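Engineer: In our numbering, the protein residues as written are 171 to 472. Where a beta carbon is used, it is the ideal one built from N, C-alpha and C, also for glycine. Just so you know, these numbers come straight off a predicted model, no measurement behind them.
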C-alpha cells in the first residue's frame, strides 16, 4: 500500500496550519480590515455619485484599485518603519524576521502595479488620481512622516480620497462626495494624531515630530478629540449641501458620532498607549458605521 508523506501534504495544502502560519505575517503587513474599508469607501462613493449601485466593472475595479493601493503602501510603510518598529512593535512581521525586506518590497511593488492597472480600466482620470495617491504616500513614507501633523494630514487626505476617486470612476462628482471627503479627512486626522501617543518612544528616537512627541500625550489627545468632535458636528450639516440625502442617514450617523465622542472622552481621560490602542480599533468601527450612513444617505430613494 502506498503511504503519504504528511510534511509534503502540509507544504502542498495552503489551508494547512503550517501554510496558514507562513501566510499570517504577510496578511498582517497588508492590514486587511483597513484595505477592505478603503475599498468599500470607493463603492460607497460610486453609489453616492450615481444615486444607485454602480455597474460590475465600476464596482470591481474601483474596489480593487483602492484595496491594492493601500495594501502596497501599507507594506512600504512597514519597510520604512522597521527601525522604529524594533522599539515600538518588535513583533511586527519585518522586525521579527517573519518577512524579509526583500519579500516586503516585492509585495509592495506587485500590489501597487496591479492597483494602477486596475485604475486604468476605469479611465485616465482615475489612473492619474491613483498615481497621485501613490506618489503622495511614497512621499509620506520616506519624508513626510517626520513632519508630524503635516504627515497626519497627508495620510488623512489619502484616506478620504476614495470619495473623490469613486465619483471620478462613475463620472459623477456629486457635491455630497466632497462633504463626506471632509468628514472622513477630519475623523482620520484625529485617529492619526492619537496613534502618535502609542509610538512616542520609537518616534522620538527617530526624530518623528508627532504632536505627542513635541507637545505631549495630553495635548495630542485633546487635539484628536477636537477633530472627532468637529467631524461629528459637521455630519449634521450634510443636508445643507445636498437636500436629497435619505432620512436613514441620521440614525446611523448618530450612532457613529456617539462612538467618536465616547472615544474622545476615553482619550482625554487616559491619554496612554494602552487606551490609544483600544481607541484605534474603536474608531475603525465608528468609521465603518459612518460609511454605512454615507451609503444609505447617498441614495435618495431610500
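Rounded to whole angstroms, what's the CA-CA distance from residue 323 to residue 352? Just pull it up for me.
Structural biologist: One C-alpha to the other measures close to 12 Å.
Engineer: At a cut of 8 Å, does the stretch 267-275 reach the stretch 247-255 through at least three beta carbon pairs?
Structural biologist: yes
Engineer: Do you know offhand how far residue 379's Cα is from residue 302's?
Structural biologist: Taking C-alpha positions only, residue 379 is separated from residue 302 by approximately 25 Å.
Engineer: So for residue 176, helix, strand or coil by DSSP?
Structural biologist: Confidence is the limiting factor: at residue 176 the pLDDT is only 46, short of 50, which leaves the residue's position unreliable and the question unanswerable from this model.
Engineer: From residue 211 to residue 289, what does the alpha carbon distance come to, in whole angstroms?
Structural biologist: So the alpha carbons of these two residues sit roughly 15 Å apart.
Engineer: Ordered along the chain, which non-local residues of its own chain (more than five positions away) have a Cβ less than 6 Å from that of residue 390?
Structural biologist: 363, 366, 367, 381, 382
Engineer: So is residue 414 buried or exposed if we call it buried at 16+ other beta carbons inside 10 Å?
Structural biologist: exposed
Engineer: Give the secondary structure of residue 272 by DSSP, where H, G and I count as helix, E and B as strand, and everything else as coil.
Structural biologist: helix
Engineer: In angstroms with no decimal places, state the Cα-to-Cα distance between residue 294 and residue 334.
Structural biologist: 14 Å
Engineer: Apart from the five residues on each side of it in sequence, which residues of its chain come closer than 6 Å, Cβ to Cβ, to residue 446?
Structural biologist: For residue 446, same chain residues with a beta-carbon under 6 Å away, outside a window of 5 residues either side, are 364, 367, 368 in chain order.
Engineer: Given this structure, state the Cα-to-Cα distance separating residue 462 from residue 356, to the nearest angstrom.
Structural biologist: 17 Å
Engineer: First and last residue of the alpha helix (DSSP H) that includes residue 226?
Structural biologist: 226-250
Engineer: For residue 370, tell me which candidate among 387, 358, 361 has the shortest Cα-Cα distance.
Structural biologist: 387
Engineer: Is the beta carbon of residue 245 closer than 8 Å to that of residue 291?
Structural biologist: no
Engineer: Distance check for residue 422 and residue 404, CA to CA, integer angstroms please.
Structural biologist: 15 Å
Engineer: So, with DSSP's three-state summary, where would you put residue 379?
Structural biologist: coil
Engineer: Are there 16 or more other CB atoms within 10 angstroms of the CB of residue 339, so buried, or fewer, so exposed?
Structural biologist: buried
Engineer: Have a look at residue 313 and residue 416 and give me their C-alpha separation to the nearest angstrom.
Structural biologist: If you take the alpha carbons of residue 313 and residue 416, they lie about 42 Å apart.
Engineer: Where residue 256 and residue 265 are concerned, what is the direct C-alpha to C-alpha distance, given to the nearest angstrom?
Structural biologist: 6 Å
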